[in-house]
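Undergrad: Have a look at this one before I ask anything.
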Amino acid sequence: MQKAILIIGFSLMLFMSWSAQALTHKKKHAKGTSSKNKHVSHHSNYSNEIEGIASYYHKKFEGRKTATGSIFKHNLYTAASNRFPLNTYVKVTNLNNQKEVYVLINDRMSANNKRVIDLTNASVKRLKFKSSGLVKVRLTKVSKTVAEEFIASYSEDKIENDTSSSAANKAIRKTHKKKALTKKQKSNSTKKAPISKVKKQATKPIQKKPIKKTVK
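No gaps in the numbering here: position 153 of the sequence shown is 192 in our numbering, and each next residue is one more.
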């Protein structure tokens, strides 16, 4: 009887110990998974085209690492999204004005973020919606070749705009300089010529000859 009680007690202790270990392992695994998937989307099934609300990065993210390990910069055409795999290129269309921009998905948003994409300032300028803060967009998956051609053209556009702006500024400066020179010439022509001082010649006083008196 005592042996049976001892066996039952020992078995119960082993079962309780095993249960505690299993529970601890489960908690650790859940914690690790939660931490690992902090910025992973709930959307496990990706699609090639979706619509939703777009926003843009805060300036505080400048210089930080993205989910792919690259450095975030506002002058690049990159974006954060949970709706596409990392390193996917997408075309973003502003549904309010039909403006488009091509970007690379290289970052993730927080899991509870309901927006479909976060964009850089460079992308927002092309879509022209920063003043509104949020805008409805369409995201369409595109090939790397197509996207990179468009992104390269953005750089060329910037160079052309900078060149034309520089030429325009140069022409404006030249016009202003010409006007200033003409104005100066007119001003000089209207001025009276300085009157030269004529030196007065010193005149000697005429000496009267003494009248000789004649004696009769």
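We put the CB at the ideal spot given by N, CA and C, even for glycine.
Quick caveat, the model's predicted, so the values are computed rather than measured.
So, helix, strand or coil for Ala69, using DSSP?
TA: Because the pLDDT at Ala69 is just 48, under 50, the model does not fix this residue reliably, and the value given afterwards should be weighed accordingly. Three-state DSSP puts Ala69 in a helix.
Undergrad: If we ignore side chains and look at the alpha-carbon of each, how far apart do Lys104 and Arg154 end up?
TA: Near 21 Å, if we compare the C-alpha coordinates of Arg154 and Lys104.
Undergrad: Would you list the one or two residues that DSSP bridges to Asn133?
TA: Asn133 is bridged to Val176.
Undergrad: Where do the ends of the beta strand (DSSP E) carrying Ala93 lie?
TA: Looking at the DSSP string, the run of the beta strand (DSSP E) that includes Ala93 is Glu88 to Tyr95.
Undergrad: Evaluate Val185 with the Cβ neighbour count: other Cβ atoms within 10 Å of its Cβ, from every protein chain shown; 16 or more gives buried, anything less gives exposed.
TA: Label assigned to Val185: exposed.
Undergrad: Going by Cα to Cα distance, which pick from Ile92, Glu101 and Phe123 is closest to Ser86?
TA: Residue Phe123 is the option with its Cα nearest to Ser86.
Undergrad: Distance check for Phe189 and Glu139, CA to CA, integer angstroms please.
TA: Approximately 10 Å, taken between the alpha carbons.
Undergrad: Does DSSP classify Tyr141 as helix, strand or coil?
TA: Strand.
Undergrad: Is it right to say Asn114 is buried, meaning 16 or more other beta carbons lie within 10 angstroms of its own, or is it exposed?
TA: By the 10 Å Cβ count, Asn114 comes out exposed.
Undergrad: Which partner residues of Ala161 appear in the DSSP bridge assignment?
TA: None; Ala161 has no bridge partner.
Undergrad: Can you tell me whether Asn114 is helix, strand or coil according to DSSP?
TA: Residue state, collapsed to three classes: coil.
Undergrad: Do you know whose CA, among Glu195, Gly102 and Ala106, lies nearest Met148's CA?
TA: Measuring from the Cα of Met148, the nearest candidate turns out to be Ala106.
Undergrad: For Ala191, name the three-state secondary structure that DSSP assigns.
TA: DSSP places Ala191 in helix when its eight states are reduced to three.
Undergrad: Short check: CB of Lys175 to CB of Ile92, under 8 Å?
TA: Going by C-beta atoms, Lys175 is nearer than 8 Å to Ile92.
Undergrad: Taking all protein chains shown into account, decide if Leu158 is buried (16 or more other Cβ within 10 angstroms of its Cβ) or exposed.
TA: That one is buried.
Undergrad: Specify the secondary structure class of Val185 as computed by DSSP and reduced to three states.
TA: Val185: helix per DSSP, three-state reduction.
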